[in-house]
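Enquirer: My questions all concern the structure below.
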Amino acid sequence: MKQTLIVILLSLFLNSCNFGKKGIDVLIENKTKYTLYNISVSASPVSTVKFDSIIPNQIITKYLDMNEIPRADGSYNINFTYPDGDVMNKSFGYYSNGWPNNYLICCSISEMSTYTRLDSYCE
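Per the numbering used here, the sequence shown starts with residue 762, numbered consecutively.
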């Protein structure tokens, strides 16, 4: 009886702590006057989150699953297409041993630049 209770409590504890869950939330904010297309944020070729389009002043959050990344260091990449067909590629931040170092990727896309930040919340 004691062993069963210990196993149940240990299972609940590990599940409540997201044990084994390896990834990071990605928040994208479109501060331009036009819709952006084919937005993707990746940590490697096997770990990518895609957004089909983001309209002006829209904020979307998705989860970037990093479970398939091997124990290696690397950086994140953001790619998207402007309405005129120009493609933006930017590398930023880093992860260590296949694990994210933060809780959230904040990407703010404006007419003149793409601002990225790794943090626990976005302003």
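C-beta: ideal position from N, C-alpha, C; glycine also.
Measuring CA to CA, which of Lys782, Gly784, Ile789 and Lys783 is closest to Tyr876?
Expert: Ranking the options by Cα distance to Tyr876, first place goes to Ile789.
Enquirer: Are the beta-carbon atoms of Val802 and Cys868 separated by less than 8 Å?
Expert: It is a contact, given that the beta carbons lie within the stated cut-off.
Enquirer: Which residues does DSSP pair with Lys842 in a beta bridge?
Expert: In the sequence as presented, Lys is not what sits at residue 842; that position holds Thr. DSSP output for Thr842 lists Tyr798 and Val848 as bridge partner(s).
Enquirer: Answer yes or no: do Lys792 and Asn828 have a C-beta to C-beta separation smaller than 8 Å?
Expert: No. Outside cutoff.
Enquirer: Relative to the C-alpha of Tyr797, which residue among Asn838, Leu825, Gly835 and Asp847 is closest?
Expert: For the record, residue 797 in the displayed sequence is Leu; it is not Tyr. Closest by alpha carbon: Asp847.
Enquirer: Quick check: the Cα distance between Ile830 and Ser857, rounded to an integer number of angstroms?
Expert: Distance between the alpha carbons of Ile830 and Ser857: 10 Å.
Enquirer: Got a sec? Which residues, its chain only, sit under 8 Å from Asp786 by beta carbon, not counting five neighbours each side?
Expert: Contacts found: Thr822, Lys823, Tyr824, Leu825, Tyr864, Leu865 and Ile866.
Enquirer: Check for me: the beta strand (DSSP E) holding Ile816 runs from which residue to which?
Expert: Element bounds for Ile816: n/a, residue is neither H nor E.
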